[in-house]
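> Below: one structure in structure tokens.
There are 4 protein chains.
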Amino acid sequence: MASSIGKIVRISIFGQSHSAGIGVVMEGVPAGKKIDLERLRAFLSRRAPGGMPWSTPRKEADLPEFLGGIVDGVTCGAPLAAVIRNTNTKSEDYDELRRIPRPGHADYTAQVKYGGAQDVSGGGHFSGRLTAPLCIAGGIALQLLEQEGVAVGAHIARIGAVCDARFDALRVTADGVRAPGSKAFPVIDDAAGEAMIAAIAEARAAGDSVGGVIECAAVGMPAGVGEPMFDGVEGALARMLFGVPAVKGVEFGAGFGAADLFGSQNNDSYRMENGRVALQSNNAGGILGGITNGAPVVVRAAFKPTPSISRPQMSVDMERGQNAELEVRGRHDPCVVVRAVPVVEAACALALYDLLLQSRSV
Amino acid sequence: MASSIGKIVRISIFGQSHSAGIGVVMEGVPAGKKIDLERLRAFLSRRAPGGMPWSTPRKEADLPEFLGGIVDGVTCGAPLAAVIRNTNTKSEDYDELRRIPRPGHADYTAQVKYGGAQDVSGGGHFSGRLTAPLCIAGGIALQLLEQEGVAVGAHIARIGAVCDARFDALRVTADGVRAPGSKAFPVIDDAAGEAMIAAIAEARAAGDSVGGVIECAAVGMPAGVGEPMFDGVEGALARMLFGVPAVKGVEFGAGFGAADLFGSQNNDSYRMENGRVALQSNNAGGILGGITNGAPVVVRAAFKPTPSISRPQMSVDMERGQNAELEVRGRHDPCVVVRAVPVVEAACALALYDLLLQSRSV
Amino acid sequence: MASSIGKIVRISIFGQSHSAGIGVVMEGVPAGKKIDLERLRAFLSRRAPGGMPWSTPRKEADLPEFLGGIVDGVTCGAPLAAVIRNTNTKSEDYDELRRIPRPGHADYTAQVKYGGAQDVSGGGHFSGRLTAPLCIAGGIALQLLEQEGVAVGAHIARIGAVCDARFDALRVTADGVRAPGSKAFPVIDDAAGEAMIAAIAEARAAGDSVGGVIECAAVGMPAGVGEPMFDGVEGALARMLFGVPAVKGVEFGAGFGAADLFGSQNNDSYRMENGRVALQSNNAGGILGGITNGAPVVVRAAFKPTPSISRPQMSVDMERGQNAELEVRGRHDPCVVVRAVPVVEAACALALYDLLLQSRSV
Amino acid sequence: MASSIGKIVRISIFGQSHSAGIGVVMEGVPAGKKIDLERLRAFLSRRAPGGMPWSTPRKEADLPEFLGGIVDGVTCGAPLAAVIRNTNTKSEDYDELRRIPRPGHADYTAQVKYGGAQDVSGGGHFSGRLTAPLCIAGGIALQLLEQEGVAVGAHIARIGAVCDARFDALRVTADGVRAPGSKAFPVIDDAAGEAMIAAIAEARAAGDSVGGVIECAAVGMPAGVGEPMFDGVEGALARMLFGVPAVKGVEFGAGFGAADLFGSQNNDSYRMENGRVALQSNNAGGILGGITNGAPVVVRAAFKPTPSISRPQMSVDMERGQNAELEVRGRHDPCVVVRAVPVVEAACALALYDLLLQSRSV
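Residue numbers (this note's numbering), protein chains in the order written: chain A, 1 to 362; chain B, 1001 to 1362; chain C, 2001 to 2362; chain D, 3001 to 3362.
What follows is the structure, given as structure tokens:
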């Protein structure tokens, strides 16, 4: 397996859910950049589980130790390396799963590919826990982007059928994109948030889970970042986001909705405003021909419902070659979307910061 | 600019819409593989414009010349290189566009990034014409996949509000995925096709354009291809597909619809059938944890409406710094989705063939 | 096969010795750079064979046609693509070699790896002819480096036992590194050149061939280009140079000779000169810790003698499984080193220009 | 900075000499491979300093902790991650060096590139200490190659003017290449070793240091690994070896000596032996056209003398802009070549194992 991505800023994620530790190496960060480790910890705590009704009751501190790359809070140019120790592991929960794959999980495909040697415990390297090191690197990228005048923020756009308001794709501000992330439940419209919390609670009560959509926007990206075809902004963000477990769809600007529009509706026209070229709408999500146009970059990612549900499910016993009923035990989120909001911010920040540095090489 | 992608099988696309030629280099194809050049030409003709009501009246033969990599119809192991001469070019159509960017096109972002030196003529390297070399490489990948028992095919899932039937994600066959591609208008349900043709004609009559969605499926992919996180099947297909101009969304299996499902609905359960593990549904689109599970790989790509419309549009004159009205002249498809069907097949085949070879290195 | 290299500036070389054509795609060159095509042709003519006593009597124009990336002599930002048609091909010369591998050539290893499908004619993709597209890309890199104030030039440091003078590693100037390349026989000391020409003529008369060493220097590289460990200047230059057929050794600065020195002799000490830090020697070849120090970058590449000799050689008939005597027919250089001088310049220029652009991304 | 390399098997090295720790992530190792951690520790101890006359008196245990990728001594498919804690650090030794660069070290170039933020302590990320994580990954690659029937071993070919015997390039066996590594002083000819030890002691007594050459051979590499041009075996090995601090030259087979030979001498001819094609000599170092030919792969790397010497040296005070005399304090090897032998084995094993896996993808 390889869990690395990036061209100038490249990350490599390691560890399994129940191995000695998990972590990330982050190459390519320039020397002399100040990293506020307190803010990084605050960012990581947004992802950490913590007894909220929508999350698992596990307690995880998940504080990273930096082994290299930072001296007195300032990057020294060497690769950043951070490690989180795995402490609260309960391997006995997972023994059965080697034989009986959980529907919707990677148990079956991992068994086919890696065979008996794979580390099934806690989901191994497939665990959502591996998004913690992604958030370390992404949280640093968020600070580095901020130093370049770029603000990245996300919110829950939808849980099941309950929709939040959307970011104003054209006029959303840096404060605007960051506002949802400062709330315990990251939405724009708190009333919608209440309805989402209720929907999650209902699913949990039924031993079930729900999916959703996260919207992320980057404000302040200069025009001219990205390239046509395969090095475009969409492709880079999409590949990063599909690296987040449970993401099954990614769209930009009007996205799938653009298929419903006429060209005359979807085209974002230009006007001069105060001597500068200004867009009149942002159906393109800030990207034309793979290149940023200076408008906010707007992306949405669809998350499938948590595959781990406590209801009995049909599966097979691969050892015995017969059908089996499965009850997934252990502690699981009835909805991963809430905790995935900072993960989406992290993923987008990493991709955008890499693209930004790439655009400076020419 | 770099227009290259792939790890083992790597393509590099070159040329501009009105340069001497366009083409592709395709590295990593094993030696000794038979390529049926007649079938390749037939495949390319599906992308070529040809006087249909839904396409531009330009005539383009677009027959590739192979400069290397193939001897007597068999790959010799050296990189494949194919060139298409550009002949039917009308550069005068595009002179104004250097100053006045067309809404929805890359004119503005390319000007910001590459400045006055960029080749604006015909859209330069941003032109949809660059999907022709993508189809050469992809058409070869389709044949190579077929030799491995994998069939890839696509159809128009939607034009505006008109929907085609969907592939049966669980039971679609090799013949089934190839069937739409053999029709002049590639849909499953011809009645839906008629309605789509009418919708396109209507948009054309109004000087406008429409978008749509293409669904693509791969049947016969063995389980165990792809890796977790950033080297997963979803990310590789998405990065390739977002390299196709006008794509603004990509989803797998239930995709954005998965956000509407409970876990108990979305999870694909397992049963033993004839001594083998068999899925009971395919909401995952054939991919779990980034790895194929043996079910058909199902992906959909959303295309925005053609930005080139003949209706007057608001823009700016960047040289004079003032507002300008723009009428896009020239010959343009009122809907790129029809001709994009083989492009999506090509893109998916390239990504899947690369992933298949990668899975053999370990 | 993949014949591509580079990170920001990436080239992909295609074609076989006797296929329809050979060429190169060069990605990542910034837009708006002036390319003097006349100078490029003059540079390419230095590599072309031409009836000199030290080269094959074949006549090859090898003029490239640019299919994309250049408009009116200026780069437009799109990938550069250039093609050279193969015209003067004599495939009948090579038929026997599929069975009876020439000692010192890739015939045997290519047969093992690619089997009967490989294009053995003229050496296929292994032919020294593939250095022509390398010189196209490298010739462009030389001009681009010159625009950045960097001069790259090479000379024959040795043929057999005959040695040229060496570049003054510390004080060589831009004119100095370019001087040998302007001569028909590229050496510093013309008397040494005469002796080399005699040595080559002697080998040719004996139906034999000779090897040699080429020294290349880059003057004007700013300090701070390159990175420690695997992205260092040495590694990038070496990987590029070992891509040139017949290169069997690469060394920097004092190179293998550094093994004979004490640290007190090999260390290049510093002094202040006119308010600037100045090196007192250049045993490091301009590179410390993988990073340029502002002194000339000095590299030497060892070339083995041309494996194609007209003397009878021992080989095997792989089809019949028996020993065979081989006489290599056809037209071959008794010493490739002379024509390899511009190839080494091209290779070094490509690696250095890529490194230079990389150093700007951070 | 990025300290990563490899295509299928990719390593990323992190940490600084005096940071909390150093380590390596190693991606792409197949699942189910047994790793003998005791043998790995024994291999690492060959690199560790330990009071021998030729090394620094520092004591370093350098035992790695595996955070992921190995379960009960067997690879699980996830990336391998190993960390070594830095304990015996004496930062006060290095304070002066930020201003006054040590000749022959990266102090000056790192200062130019990374500025005041760089971690100068102990050499930071430029320290030879970073070869410890390289040896962890390489020690694993050595075991994995052994499981494929490939033996890799090295010896000191030369210290100053004292030469060891050479490996018999054609007939050396697996046991033969491993034999020197089992000795405290890794040479073939122990008498030569005694003379080398004396030469090192002499240099140390004079407050000086000496360089040398290491020869490495791989026995059992199957024919057909590697590709022409830039993905050849030479280029991959060279880029890896130039990533080792102090390496200034790399050559294969006859190497620079091939420049002294006639083609009729340098060409390795073929004969049938017991029904198989057999080479009669191995001047090519086992590589033709970038591809292994089944003979031992033979490579030599030249190491410059340790730049850290206790004799006073001329340097500059960059802060005050004036000349300065420098005495390097601290504990340093008078000759890094002895401890570099396992590092060269590690580097070669990593490159060869990656190439071997690459050759299986097609």
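Glycine included, each C-beta is placed from N, C-alpha and C at the ideal position.
Going along chain B, which residues have a C-beta under 7 Å from Ile-2140(C)?
Residues of chain B passing the Cβ test: none, with the nearest at roughly 14 Å.
> State yes or no: is the beta carbon of Ala-2291(C) nearer than 8 Å to at least one beta carbon in chain A?
Note that residue 2291(C) is Ile in the sequence shown, not Ala. At a cut-off of 8 Å between beta-carbon atoms, Ile-2291(C) makes no contact with chain A.
> Could you give the DSSP three-state label for Asn-3323(D): helix, strand or coil?
strand
> Excluding sequence positions up to five away, which residues of its chain have a Cβ less than 8 Å from the Cβ of Gly-253(A)?
Within its own chain, the residues whose Cβ lies closer than 8 Å to the Cβ of Gly-253(A), once the five positions on either side in sequence are excluded, are Ala-169, Asn-282, Asn-283, Ala-284, Gly-285, Gly-286, Ile-287 and Val-298, listed in chain order.
> Could you tell me which of Leu-3142(D), Val-3120(D) and Arg-3099(D) sits nearest to Ile-3035(D), measuring between CA atoms?
Leu-3142(D)
> With contact counted as at least three CB pairs below 8 Å, one residue from each stretch, are the stretch 121-136 of chain A and the stretch 3070-3082 of chain D in contact?
yes
> According to DSSP, is Val-1244(B) helix, strand or coil?
coil
> Which one of Lys-113(A), Glu-146(A) and Met-221(A) has the shortest CA to CA distance from Lys-33(A)?
Glu-146(A)
> Counting contacts by CB-CB distance shorter than 8 Å, is Leu-3279(D) in contact with chain B?
no
> Among Gly-3232(D), Glu-3251(D) and Asn-3267(D), whose alpha-carbon lies nearest the alpha-carbon of Leu-3356(D)?
Gly-3232(D)
> For Lys-3183(D), count neighbouring Cβ atoms within 10 angstroms of its own Cβ and tell me buried if that reaches 16, exposed if not.
exposed
> Just checking my contact of Asp-317(A) with Ile-100(A) at CB under 8 Å: how many whole Å lie between their CB atoms?
5 Å
> Can you look up Met-2026(C) in the DSSP assignment and give me helix, strand or coil?
Residue state, collapsed to three classes: strand.
> According to DSSP, is Ile-2200(C) helix, strand or coil?
helix
> Here's a check: name, in chain order, each residue in its chain whose Cβ is nearer than 6 Å to the Cβ of Gln-3313(D), leaving out the five neighbours to either side.
Pro-3103 and Leu-3326
> What is the C-beta distance between Leu-3134(D) and Ile-3013(D), in whole angstroms, given that I count them as a contact (C-beta under 8 Å)?
6 Å
> Look at the Cβ atom of Gly-23(A), then the Cβ atom of Ala-81(A), and state whether they are nearer than 8 Å.
Yes, the Cβ-Cβ distance between Gly-23(A) and Ala-81(A) is below 8 Å.
> From Gly-3160(D), Asp-3268(D) and Ile-3309(D), pick the residue whose C-alpha is nearest to that of Ser-2269(C); which is it?
Of the candidates Gly-3160(D), Asp-3268(D) and Ile-3309(D), the one whose C-alpha sits nearest the C-alpha of Ser-2269(C) is Ile-3309(D).
> Using the beta-carbon of each residue, which ones in chain D are nearer than 7 Å to Ser-1361(B)?
Ile-3008, Leu-3357, Gln-3358, Arg-3360 and Ser-3361
> Can you tell me whether Cys-3163(D) sits near the ligand MG, meaning its C-beta is under 7 Å from at least one heavy atom of the ligand?
The model on display carries no ligand, and the ligand MG is accordingly not part of it.
> Would Ser-1004(B) count as contacting chain A if we go by Cβ distances under 8 Å?
yes
> May I have the straight-line CA-CA distance separating Arg-3129(D) from Pro-3049(D), to the nearest angstrom?
In a straight line, the C-alpha of Arg-3129(D) is about 10 Å away from that of Pro-3049(D).
> Run through chain C and tell me which residues come within less than 9 Å of Gln-1322(B), C-beta to C-beta.
Residues of chain C passing the Cβ test: none, with the nearest at roughly 26 Å.
> Within 10 angstroms of its Cβ, does Gly-2275(C) collect 16 or more other Cβ (buried), or is it exposed?
exposed
> According to DSSP, Gly-2249(C) sits in a beta bridge with which residue or residues?
Ala-2302(C) and Glu-3251(D)
> Against chain A, does Arg-1329(B) count as a neighbour if the rule is that its beta carbon must be under 8 Å from one of theirs?
At a cut-off of 8 Å between beta carbons, Arg-1329(B) makes no contact with chain A.
> Please check the pair Gly-1153(B) and Val-1177(B), which I expect to be a contact at CB under 8 Å, by giving their CB distance rounded to whole angstroms.
3 Å
> So what does DSSP say about Lys-3113(D), is it helix, strand or coil?
Here Lys-3113(D) sits in helix by DSSP.
> Looking at the unbroken alpha helix (DSSP H) that takes in Phe-3043(D), where does it start and where does it end?
3037-3047
> With the cut-off set at 8 Å, would you say Arg-2239(C) and Ala-3238(D) are in Cβ contact?
yes
> Which residues bound the alpha helix (DSSP H) around Leu-2080(C)?
Per DSSP, Leu-2080(C) belongs to no alpha helix (DSSP H); it is in the beta strand (DSSP E), 2080-2085.
> Going along the chain, which residues of its own chain have a beta-carbon closer than 6 Å to the beta-carbon of Thr-2087(C), five neighbours each way excluded?
If we look at Thr-2087(C) and ignore the five residues flanking it on each side, it has no Cβ neighbours.
> Please state if the CB of Phe-1242(B) and the CB of Pro-305(A) are separated by a distance shorter than 8 Å.
no
> When you check each C-beta in the stretch 3109-3134 of chain D against every C-beta of chain C, which residues fall closer than 8 Å?
Thr-3109, Ala-3110, Val-3112, Lys-3113, His-3125, Phe-3126 and Leu-3130
> For a test of the three-state rule: what should DSSP assign to Leu-2357(C), helix, strand or coil?
Leu-2357(C) sits in a helix when the DSSP states are folded into three classes.
> With contact counted as at least three CB pairs below 8 Å, one residue from each stretch, are the stretch 3221-3236 of chain D and the stretch 2212-2226 of chain C in contact?
no
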